[in-house]
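Peer 1: Questions regarding the structure given below will be posed in turn.
There are 2 protein chains.
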Amino acid sequence: MKAVGMVVEYNPFHNGHLYHLQQTKKETNAECLIAVMSSHFVQRGEPALVSKWARTKMALAGGVDLVVELPYPFAVQTADMFAHGAISILDALHCQEICFGSEHGNIDHFLEAVHLLKQYEQEHNQRLKQLLESGMSYAKAYATALGQLQNEQSTLDLSKPNNILGFHYVKAIVEQQSNMTPKTIQRIVAHYHDSHLPNEETIASATSIRHHLQTDGLQSISSYVSPTTKEELQLYYTVYGTFHYWEHYFPLLKYRLLTINLEELHQIAEVEEGLEHRLKKAIQQAKSFREFLTCVKTKRYTWTRLQRVCTHILTNTTKKEMNFIRAYKKATYIRLLGMNENGQRYLRKMKKKLKLPLITKVATLQNDPIYKLEQKAAQAYVSILPEPLLTEALQMEYATPPLRKLT
Amino acid sequence: MKAVGMVVEYNPFHNGHLYHLQQTKKETNAECLIAVMSSHFVQRGEPALVSKWARTKMALAGGVDLVVELPYPFAVQTADMFAHGAISILDALHCQEICFGSEHGNIDHFLEAVHLLKQYEQEHNQRLKQLLESGMSYAKAYATALGQLQNEQSTLDLSKPNNILGFHYVKAIVEQQSNMTPKTIQRIVAHYHDSHLPNEETIASATSIRHHLQTDGLQSISSYVSPTTKEELQLYYTVYGTFHYWEHYFPLLKYRLLTINLEELHQIAEVEEGLEHRLKKAIQQAKSFREFLTCVKTKRYTWTRLQRVCTHILTNTTKKEMNFIRAYKKATYIRLLGMNENGQRYLRKMKKKLKLPLITKVATLQNDPIYKLEQKAAQAYVSILPEPLLTEALQMEYATPPLRKLT
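Structure below.
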């Protein structure tokens with residue numbers, strides 16, 4: 004059985020994701036589609052709109068055969084670490100290929116860029132350092148330094164978010180010496196950061212879908228998501244009375260920032276270069292998350308980077324706790340979130356060959372340094388819910404078995 | 004000018020307090036009545052019903068001439084440390100006497116008990132240790148051990164809350180070699196822990212007043228508080244939409260306990276003997292503060308002790324931060340909350356003789372180890388308010404000058 008991997012967030016699952024999934028199946032002849040999905044917080048440092056369980060159901064309904072979790076310490080990370088975590092999990096599941104959407108669309112140029120980087124790593128690092136010292140953000144400095152290595156014909160534009168991620172998937176495959184073959188599909192129509200819905204189309208970016216969901220309600224996104232996604236969003240809202248946006252967490256973040264000591268704040272992951280002083284100062288005046296971030300923002304710190312910092316403060320994730328991941332760069336387990344019968348068949352076949360333990364009950368993970376962070380994140384995620392929903396949602400982290408979809 | 008000190012919480016100021024204040028004035032011929040008052044959290048480990056500013060206004064209206072703050076690290080403490088903080092402040096203000104209400108009512112027996120303790124300290128400590136090892140709570144063990152030192156005629160019943168506090172005031176005076184003379188007035192009618200209001204009377208305990216305020220509203224406590232207290236409570240509620248009860252802080256406490264690491268929790272003040280494990284376990288299931296404490300409670304840990312533990316978790320007060328206070332046992336400054344013209348006259352006269360700096364603007368205290376904890380507590384206290392009230396209330400900690408009452 005040929006398995007093909009995808010790295011996803013499905014926040015929420017929409018028609019663009021469906022297109023990518025169907026193209027992947029067609030172009031790779033995959034017999035089992037595996038998605039490794041960010042858990043409760045996503046790479047941009049935001050809470051996912053709805054829980055990982057609801058998003059797993061959307062994925063299964065969309066045709067994914069197997070959904071596994073990208074744990075918090077890999078999910079809420081720079082593209083580099085995000086990719087390393089995801090690739091290590093797909094590799095452990097013996098995917099033969101991985102297929103990602105990109106603005107660029109030509110896999111050869113991704114491979115070339117990675118090999119160029121490997122060849123001129125020292126030179127690249129020197130340039131990167133200089134650009135960072137000039138006050139540029141890390142993402143921009145990295146893209147610029149890499150651009151200077153490439154020749155004009157094959158230049159990958161690393162200012163494009165899906166190109167960056169793709170580049171890091173390929174790089175992680177090379178660095179982990181994985182046998183997986185990378186493929187890419189050119190993304191259509193919507194760009195990642197678009198916040199306007201195209202009227203006549205059926206594909207919109209997840210960002211614009213979240214934006215319109217918040218502003219105009221569920222009806223406004225009907226054309227861009229599958230009926231199942233709409234149903235799952237509706238169900239989640241009915242049960243929990245809310246979707247999850249940063250602003251809902253702002254009271255908790257503010258409370259935490261008000262009572263944390265400077266030295267403790269400095270211990271939090273990604274709080275570097277005296278940022279703790281800016282954060283402590285700005286929180287005194289800020290009445291909303293947007294106001295807070297606007298006040299902290301500088302050229303050096305991108306919005307996304309600051310959102311990740313805030314997420315680590317919210318989840319109390321320390322540098323020390325991240326050290327393991329930074330050094331090891333690989334997952335320690337595969338947590339199964341959901342599967343259909345085809346996915347189940349694949350697992351039955353591969354069970355004994357998997358490179359990491361397959362986890363269906365997290366109770367066995369209590370001492371795992373990666374799961375410890377996932378657990379805290381899961382607990383922070385539900386902390387905005389009213390009781391008794393909060394306590395019930397809390398139990399789900401331990402009590403929910405992998406979701407099953409009958410085909 | 005003869006100054007007499009009182010140690011108060013005024014949570015809220017009621018007719019019993021008024022009686023104590025008038026008796027004190029009468030029996031001591033005080034020319035200036037000084038109250039050192041717990042700030043935003045009180046000795047039992049609870050948030051005060053309303054802010055220190057509102058309670059200062061009640062005190063001034065009731066006839067106190069000068070209100071100064073008992074900072075958080077002394078206020079939310081065992082009777083011993085609570086007393087040491089309060090006595091050090093009243094002593095620094097050159098009070099000639101202090102006068103406290105007690106169930107016992109005879110100051111000689113307080114003095115005797117303290118001198119007995121000093122004489123047989125080693126014996127007392129041994130008994131205390133034995134009783135603690137048998138699983139008794141600290142408060143009960145202390146009272147029992149001390150009871151065994153006393154002769155029958157003069158036995159002070161240290162199971163009574165105001166006797167305990169009084170005993171520790173006298174002990175602190177002796178230990179700090181203060182020149183203040185202690186006096187006591189027998190408390191009338193209401194006992195500290197009463198939760199039923201006496202129908203025909205005008206004096207009820209603060210506990211019962213808070214209870215009835217919460218259950219039956221402001222009207223139900225009219226007979227037991229002065230018009231000004233009622234007015235201030237009404238005003239506070241109108242502005243902030245709430246009084247402050249532990250249950251309101253439970254979502255913040257739960258969030259904090261869910262995301263704190265065991266090792267961090269162990270660093271929090273008063274979290275001893277593996278209590279961190281009980282707390283982390285119980286929070287998973289508890290849907291309210293009451294449910295939580297009921298689940299954590301043992302014979303060893305009194306409700307009050309556990310409430311203090313929870314307050315320290317809420318305010319992120321660590322053992323390390325408390326070390327200074329435990330060793331030094333005295334205040335480092337006098338923070339003026341309010342005064343009438345008489346109080347102002349007293350201060351003008353004594354200004355140059357005060358034993359500690361008199362603070363009217365807290366900006367000068369930023370590096371003070373005691374104020375640092377008061378500041379965190381003040382910030383945690385307002386964290387349950389909605390924006391923009393939260394940010395406005397936050398500014399009050401820095402921007403509010405001492406309140407003045409014209410006579």
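Protein sequences appear in the order of chains A and B. Per my numbering, residue 4 is the first one in the first sequence, and the count goes up by one each step. Per my numbering, residue 4 is the first one in the second sequence, and the count goes up by one each step. Every residue, glycine too, gets a C-beta built ideally from N, C-alpha and C. The structure presented is a predicted model; accordingly, all values stated were derived computationally and were not measured.
So, helix, strand or coil for B:S229, using DSSP?
Peer 2: Reduced to three states, the DSSP call for B:S229 is coil.
Peer 1: The beta strand (DSSP E) spanning B:A207 covers which residue range?
Peer 2: Counting along the chain, B:A207 falls outside any beta strand (DSSP E), and DSSP gives it neither H nor E.
Peer 1: Count the other CB atoms, across all protein chains shown, that sit within 10 Å of the CB of B:L265; report buried if there are 16 or more and exposed otherwise.
Peer 2: By the neighbour-count rule (16 or more Cβ atoms within 10 Å), B:L265 is not buried but exposed.
Peer 1: Who are the neighbours of B:L261 on chain A, taking C-beta pairs under 8 Å?
Peer 2: Those are K379, Q382, A383, S386, L397, listed as they occur along chain A.
Peer 1: Entirely within the segment 276–353 of chain B and at least 4 residues each: give me those alpha helix (DSSP H) ranges in chain order.
Peer 2: Counting whole runs of 4 or more residues, the segment 276–353 of chain B contains the alpha helix (DSSP H) stretches 278–286, 292–299, 306–318, 322–331, 344–353.
Peer 1: Excluding the 5 residues flanking B:E267 on each side, which residues of the same chain have their C-beta closer than 8 Å to its C-beta?
Peer 2: Within the same chain, B:E267 has no close Cβ partners at all.
Peer 1: State the Cα-Cα distance for the pair A:N182 and A:E100, rounded to the nearest angstrom.
Peer 2: C-alpha separation (whole angstroms): 8 Å.
Peer 1: Shorter than 8 Å from the beta carbon of B:T301 to some beta carbon of chain A?
Peer 2: So no, B:T301 is outside the interface.
Peer 1: Closer than 9 Å by beta-carbon distance: list the chain A residues that pair up with B:K290, in chain order.
Peer 2: Per Cβ cutoff of 9 Å: E390, P391, L393, T394.
Peer 1: Quick one: using the 10 Å Cβ neighbour count with 16 as the cut-off for buried, is B:H118 buried or exposed?
Peer 2: When all chains shown are included, B:H118 counts as exposed.
Peer 1: Spell out whether any CB of chain B is found under 8 Å from the CB atom of A:N182.
Peer 2: Cβ-Cβ to chain B under 8 Å: no for A:N182.
Peer 1: Relative to the alpha-carbon of B:H251, which residue among B:E276, B:V385, B:I286, B:S229 has its alpha-carbon at the smallest distance?
Peer 2: The shortest Cα separation from B:H251 among B:E276, B:V385, B:I286, B:S229 belongs to B:V385.
Peer 1: Are the CB atoms of B:L114 and B:V173 nearer to each other than 8 Å?
Peer 2: Taking 8 Å as the Cβ cut-off, B:L114 and B:V173 qualify as a contacting pair.
Peer 1: Residues of the segment 302–332 of chain A in Cβ contact with chain B at a cutoff of 7 Å, in chain order, please.
Peer 2: Under the 7 Å Cβ criterion, the segment 302–332 of chain A contributes T318, N319.
Peer 1: Start and end of the beta strand (DSSP E) containing B:A38?
Peer 2: Counting along the chain, the beta strand (DSSP E) containing B:A38 begins and ends at 35–41.
Peer 1: Taking Cβ positions only, does B:Q369 come closer than 8 Å to chain A?
Peer 2: Output row for B:Q369: interface = no.
Peer 1: Check B:Q189 in the structure and name its three-state DSSP category.
Peer 2: In the structure shown, B:Q189 sits in a strand (DSSP, three-state: E or B).
Peer 1: Rounding to the nearest angstrom, what Cα-Cα distance links B:E395 and A:S211 in this structure?
Peer 2: In a straight line, the C-alpha of B:E395 is about 34 Å away from that of A:S211.
Peer 1: Once you ignore the five residues that flank B:S137 on each side, which residues in its own chain have a CB closer than 6 Å to its CB?
Peer 2: Answer for B:S137: no residue qualifies.
Peer 1: Could you spell out where the alpha helix (DSSP H) holding A:I420 opens and where it closes?
Peer 2: Since the displayed chain A opens at 4 and closes at 410, residue 420 of chain A lies outside it and no answer follows.
Peer 1: Mapping DSSP to helix, strand and coil, what is B:A6?
Peer 2: Correct three-state label for B:A6: strand.
Peer 1: Could you have a look at A:G420 and say whether DSSP puts it in helix, strand or coil?
Peer 2: A query on residue 420 of chain A cannot be resolved here, the shown segment of chain A reaching from 4 to 410 and no further.
Peer 1: Whole angstroms are fine: how far does the CA of A:H269 sit from the CA of B:K121?
Peer 2: Cα to Cα, B:K121 sits roughly 46 Å from A:H269.
Peer 1: CB-CB under 7 Å to B:A366, same chain, minus the five flanking residues each way: which ones, in chain order?
Peer 2: The residues are Y401.
Peer 1: What is the C-beta distance between B:Y141 and B:L149, in whole angstroms, given that I count them as a contact (C-beta under 8 Å)?
Peer 2: Between B:L149 and B:Y141 the Cβ distance is about 12 Å, and since that is not below 8 Å, they are no contact.
Peer 1: In the segment 241–255 of chain B, which residues sit with their C-beta less than 9 Å from some C-beta in chain A, listed in chain order?
Peer 2: Of all residues in the segment 241–255 of chain B, F253, P254, L255 have a Cβ within less than 9 Å of some Cβ in chain A.
Peer 1: For the segment 367–383 of chain B against the segment 21–33 of chain B, are there 3 or more C-beta pairs whose distance is under 8 Å?
Peer 2: These segments do not touch.
Peer 1: Taking only the alpha-carbon atoms, compute the straight-line gap between A:L200 and A:A207 and give it to the nearest angstrom.
Peer 2: For A:L200, the predicted structure reports a pLDDT of 49, less than 50, and the residue's modelled location is therefore unreliable. A value from the coordinates is still provided. Near 6 Å, if we compare the C-alpha coordinates of A:A207 and A:L200.
Peer 1: Let me make sure I understand the geometry here. Which of B:L221, B:S42, B:Q217, B:Y13 has the alpha-carbon closest to that of B:E234?
Peer 2: Comparing Cα positions, the closest option is B:L221.
Peer 1: Look at the Cβ atom of A:L376, then the Cβ atom of A:Y243, and state whether they are nearer than 8 Å.
Peer 2: Going by C-beta atoms, A:L376 is not nearer than 8 Å to A:Y243.
Peer 1: Take every Cβ of the segment 160–176 of chain A, pair it with every Cβ of the segment 77–92 of chain A, and state whether three or more of those distances are shorter than 8 Å.
Peer 2: These segments touch.
Peer 1: Give me the residue from A:N32, A:Y227, A:Q80 with the minimum Cα distance to A:G48.
Peer 2: Nearest C-alpha to A:G48: A:Q80.
Peer 1: Whole angstroms is fine: what's the gap from A:A57's alpha carbon to A:G341's?
Peer 2: Going by the C-alpha atoms only, they are around 10 Å apart.
Peer 1: When you compare the segment 336–353 of chain B with the segment 282–300 of chain B, are there three or more beta-carbon pairs, one atom per stretch, that lie closer than 8 Å?
Peer 2: With the cut-off at 8 Å, the segment 336–353 of chain B and the segment 282–300 of chain B do not touch.
Peer 1: Given A:N202, which residues of its chain have a CB within under 7 Å of its CB, disregarding the five upstream and five downstream residues?
Peer 2: Any reading at A:N202 must be qualified, since the residue scores a pLDDT of 47, below 50, and its modelled position is unreliable; the value itself is stated next. Counting only Cβ-Cβ distances below 7 Å, and skipping sequence neighbours, we find nothing.
Peer 1: Are the C-beta of B:L21 and some C-beta of chain A separated by less than 8 Å?
Peer 2: Not one chain A Cβ lies under 8 Å of B:L21.
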